[in-house]
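Numbering (the UniProt record's numbering), first residue to last: 1 to 362. We treat Cβ as the ideally placed atom computed from N, Cα and C, and that holds for glycine. I have placed the structure first, in the form of structure tokens, so that the comments after it can refer back to it.
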């Protein structure tokens with residue numbers, strides 16, 4: 001009985017207790033300060049990262065209904081592509097799959113939206129309490145922060161400004177589901193506590209701005225979905241003088257030809273994951289060492305890339321004649337489409353081609 005009442009966890013070294021607090025969500029970590037005098041100051045020493053996501057608030061039923069919609073759409077897309085590849089005109093089967101998908105979407109979408117509005121109201125209160133704290137709150141160090149909202153919020157601009165400009169977040173990931181958001185990074189130019197080094201934006205893009213100071217200190221940048229608008233990507237690259245690692249992921253629509261001309265950039269690694277573009281031209285990237293392209297086949301040309309040594313091309317499916325591979329036709333790329341221009345001497349090459357036309361490359 002005495003052993004059960006003993007507070008064994010408080011007997012652990014402070015270093016171990018800080019590691020435990022780092023594993024907690026922001027709200028629970030804050031509540032540990034009321035346990036005892038020993039725990040009161042431990043929270044201020046915790047400075048690894050916080051993951052504030054609306055998914056933690058949404059009930060399990062929401063995720064089950066969401067999965068039903070996703071699976072119905074996947075079946076519809078799979079059947080449609082299969083009919084295209086086979087050259088079949090079985091319109092009755094395709095129409096049935098389409099009606100099944102649309103019926104589930106129309107039925108479940110209003111329910112999902114009600115859950116999302118309810119969760120966002122609670123989520124906004126939680127994030128406001130954490131980031132928009134009064135000025136007399138003791139300053140805490142936040143190295144890594146992830147914010148994931150469901151739709152738009154009137155507080156999004158304040159969250160970004162407070163996280164980067166006030167709390168000095170070094171690693172920020174901002175995900176906006178079911179919508180998109182535009183932020184003016186010039187709002188941070190007057191902040192003195194900006195230490196941002198790594199930035200991940202999903203469905204969030206910046207306003208066109210002349211040389212925002214925040215971009216000049218970035219070393220790693222990842223842009224996803226609506227953040228991949230071509231003009232915004234090129235504008236960011238011109239301002240990221242210290243950028244070393246760039247990742248472009250999951251573009252929702254076909255992008256125009258992507259030509260990279262950044263002769264003064266320090267970029268060493270470029271990764272394109274499911275970046276649906278007509279072609280990629282590495283025109284002038286003098287410090288580039290690693291290039292990876294995964295997803296749909298893409299025409300690739302090489303220019304001024306004297307330090308390029310590692311190339312990885314992983315195409316999930318082959319198809320088309322090099323102009324547009326969204327048609328589902330049986331035509332294939334020529335291997336030369338991936339190695340156009342002046343290719344430097346490589347030390348490491350990975351080439352993965354999958355699909356019905358793999359034998360065409362042998």
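Note that the stretch 70-80 does not touch the stretch 164-182; fewer than 3 beta-carbon pairs, one per stretch, sit closer than 8 Å. For residue 287, the closest alpha carbon among the candidates 310, 103, 130 and 37 is that of 310. It is roughly 9 Å from the alpha-carbon of residue 190 to the alpha-carbon of residue 213. In the displayed model, residue 255 falls within a strand according to three-state DSSP.
Within a 10 Å sphere around the beta-carbon of residue 206 sit 16 or more other beta-carbons, which makes this residue buried. DSSP places residue 158 in the uninterrupted alpha helix (DSSP H) bounded by 156-161. For residue 311, the uninterrupted beta strand (DSSP E) segment begins and ends at 310-315. From the listed residues 258, 250 and 65, the smallest Cα separation to residue 109 is found for 65. Proximity to residue 55 across 76, 121, 33 and 200 peaks at 121, based on C-alpha coordinates.
Taking the Cβ atoms as the reference, residue 227 lies roughly 6 Å from residue 202, within the contact range of under 8 Å.
Sequence-distant Cβ neighbours of residue 289 in its own chain, meaning closer than 8 Å and more than five residues away, are 268, 269, 307, 308, 309 and 310.
Contact between residue 127 and residue 148 fails: their C-beta atoms lie close to 10 Å from each other, not under 8 Å. The shortest C-alpha to C-alpha distance from residue 218 to any of 266, 15, 116 and 52 is the one to 266. Annotated three-state conformation of residue 127 is helix, per DSSP. Shown here for residue 350: same chain residues with a beta carbon closer than 6 Å to its own, the five before and five after excluded, namely 312 in chain order. In its chain, beyond the 5 residues on either side, 151, 152 and 203 have a beta carbon closer than 7 Å to the beta carbon of residue 179. Inter-residue distance for residue 58 and residue 293 is about 34 Å (C-alpha atoms, whole angstroms).
The three-state secondary structure of residue 290, taken from DSSP, is strand. Classified as exposed, residue 336 has fewer than 16 neighbouring CB atoms from the shown chains inside 10 Å of its CB.
Of the residues assessed, residue 345 falls on the exposed side of the cut-off, its CB having fewer than 16 other CB atoms within 10 angstroms. Residue state for residue 192 is assigned as coil, using DSSP reduced to three classes.
Ranked by Cα distance from residue 144, the options 133, 170, 157 and 158 are led by 170.
Looking at 216, 21 and 245, the one whose alpha-carbon comes closest to that of residue 223 is 245.
The Cβ atoms of residue 225 and residue 184 do not sit closer than 8 Å to each other. Around the beta-carbon of residue 216, fewer than 16 other beta-carbon atoms lie within 10 Å, marking it exposed.
Note: residue 49 is bridge-paired with 144 in the DSSP secondary-structure output. Each of 220, 16, 239 and 186 was checked against the Cα of residue 173, and the nearest Cα belongs to 220.
Closest option to residue 194, judged by alpha-carbon separation, among 142, 114 and 177: 142. Beta-carbon to beta-carbon, residue 276 and residue 255 are separated by about 6 Å, close enough to satisfy the 8 Å threshold.
Excluding sequence positions up to five before and after residue 114, its CB lies less than 6 Å from no other CB in the same chain.
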